[in-house]
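Worksheet for the structure shown next.
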Amino acid sequence: MKWCFKPSVLGIISLLFLSSSVHSEQKDPFTDSVVIFNTICAKCHEAQCSGRMSFDDAYETSKNHVIRHYGEASDKQWLQQELFTILNYMKEKCAFYPMESAPPPKRIWGPDILNTMATLLERNYFIPLGPLSPENYRIDLELKKDIKVTIHLVSEDFSMVIDDCFTPSNGEIRIPFSISEPGNYYFRMYPQEPVQITRLKVSPVELNNE
Ligand code: HEC
154 MKWCFKPSVL GIISLLFLSS SVHSEQKDPF TDSVVIFNTI CAKCHEAQCS
204 GRMSFDDAYE TSKNHVIRHY GEASDKQWLQ QELFTILNYM KEKCAFYPME
254 SAPPPKRIWG PDILNTMATL LERNYFIPLG PLSPENYRID LELKKDIKVT
304 IHLVSEDFSM VIDDCFTPSN GEIRIPFSIS EPGNYYFRMY PQEPVQITRL
354 KVSPVELNNE
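Numbering-wise, the sequence shown is residues 154 to 363 according to my numbering.
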């Protein structure tokens with residue numbers, strides 16, 4: 154993975170304000186855990202496919218490790234346990250934990266669904282795009298502010314189609330990409346400072362004129 158920036162102090166301060174304002178959203182807690190795992194723990198644990206589950210005592214011994222990487226989990230035993238389950242799923246099945254969210258019509262995501270696929274504080278996003286066939290596409294992304302972001306497009310086999318930094322202008326980022334292997338794909342975003350995605354669109358493009 155490519156890293157475009159280090160988290161800024163300003164980002165951490167704005168985190169504190171953001172967390173109170175988005176706290177009331179209705180979210181499925183397990184989806185939350187999957188998003189936390191696939192953005193935060195994935196930095197090291199993505200594509201760990203040993204085929205063998207961790208022993209139960211690994212859960213006890215890894216508690217501090219989990220909290221070190223995700224402090225929010227410190228007083229939430231259910232969250233620690235869910236993250237452990239998700240890691241075991243990845244190891245055993247060599248796959249992302251399934252998320253129950255079919256792509257919306259025309260692959261246009263609005264702020265309501267997008268909010269359910271973001272971590273509360275950091276505003277890291279992990280969004281299943283559904284199956285894509287070999288074709289040329291474009292991502293159109295709208296952000297609330299012009300904040301620099303790292304974007305990944307990753308296949309169900311953990312290969313990166315996009316791994317780059319982008320700076321929006323007027324909140325907009327356009328990213329052309331092409332798919333050569335059919336399969337399920339996932340969009341991931343790490344912002345330099347917490348920022349909300351207000352719209353995401355993934356559409357096929359004709360390249361006739363190029
Ligand atoms: C900076 C890299 C890094 C990050 C981020 C990270 N881990 Fe780990 N983790 C490791 C390493 C290295 C080990 C020890 C080797 C191993 O078992 O893969 C480990 C071990 C573990 C273990 C024990 C595994 C076992 O089978 O014994 C668990 C459970 C675990 N991590 C969960 C998590 C969770 C949950 C997160 C996210 C909150 C996370 N880790 C974030 C690097 C990381």
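Here a beta-carbon is modelled for each residue, glycine too, at the ideal position from N, C-alpha and C. Values in this document were obtained by computation on a predicted structure and should not be read as measured data.
**Whole-angstrom distance between arginine 327 and phenylalanine 249, CA atom to CA atom** = 26 angstroms
**Asked** Which residues share a DSSP beta bridge with glycine 283?
**Response** Tyr338
**Request:** Could you tell me which of Asp265, Gln234 and Ala200 sits nearest to valine 307, measuring between CA atoms?
**Result:** Ala200
**Asked** What do you reckon, is the C-beta of glutamine 349 under 7 angstroms from a heavy atom of the ligand COA?
**Response** The ligand COA is not part of the structure shown, which contains the ligand HEC as its ligands.
**Asked** How long is the line joining the alpha carbons of glutamate 225 and glutamate 288, rounded to whole angstroms?
**Response** 40 angstroms
**Message:** Measuring only the C-alpha atoms, how far is serine 322 from aspartate 299?
**Reply:** 6 angstroms
**Prompt:** Cβ of leucine 274 versus every heavy atom of the ligand HEC: is any distance shorter than 7 angstroms?
**Reply:** no
**Item:** Near the ligand HEC: phenylalanine 319 beta-carbon under 7 angstroms from a heavy atom
**Value:** no
**Prompt:** Using DSSP with H/G/I as helix, E/B as strand and the rest coil, what is isoleucine 300?
**Reply:** coil
**Item:** Cβ shell of glutamate 309 (< 6 angstroms), same chain only, five flanking positions each side left out
**Value:** Gly336 and Asn337
**Request:** Determine the contact status of methionine 342 and asparagine 268, defining contact as a CB-CB distance below 8 angstroms.
**Result:** no
**Item:** Backbone CA spacing between tyrosine 212 and glutamine 234 [nearest angstrom]
**Value:** 8 angstroms
**Extent of the continuous beta strand (DSSP E) run through arginine 327** = 325-332
**Message:** Judging by CA-CA distance, which residue of Leu240, Val314 and Asp293 is the nearest neighbour of serine 207?
**Reply:** Leu240
**Asked** Can you tell me whether cysteine 202 is buried or exposed, with buried defined as 16 or more other CB within 10 angstroms of its CB?
**Response** exposed
**Prompt:** Straight-line CA distance for proline 257 to tyrosine 339?
**Reply:** 14 angstroms
**Request:** Flag histidine 305 as yes when its Cβ comes closer than 7 angstroms to any non-hydrogen atom of the ligand HEC, and as no otherwise.
**Result:** no
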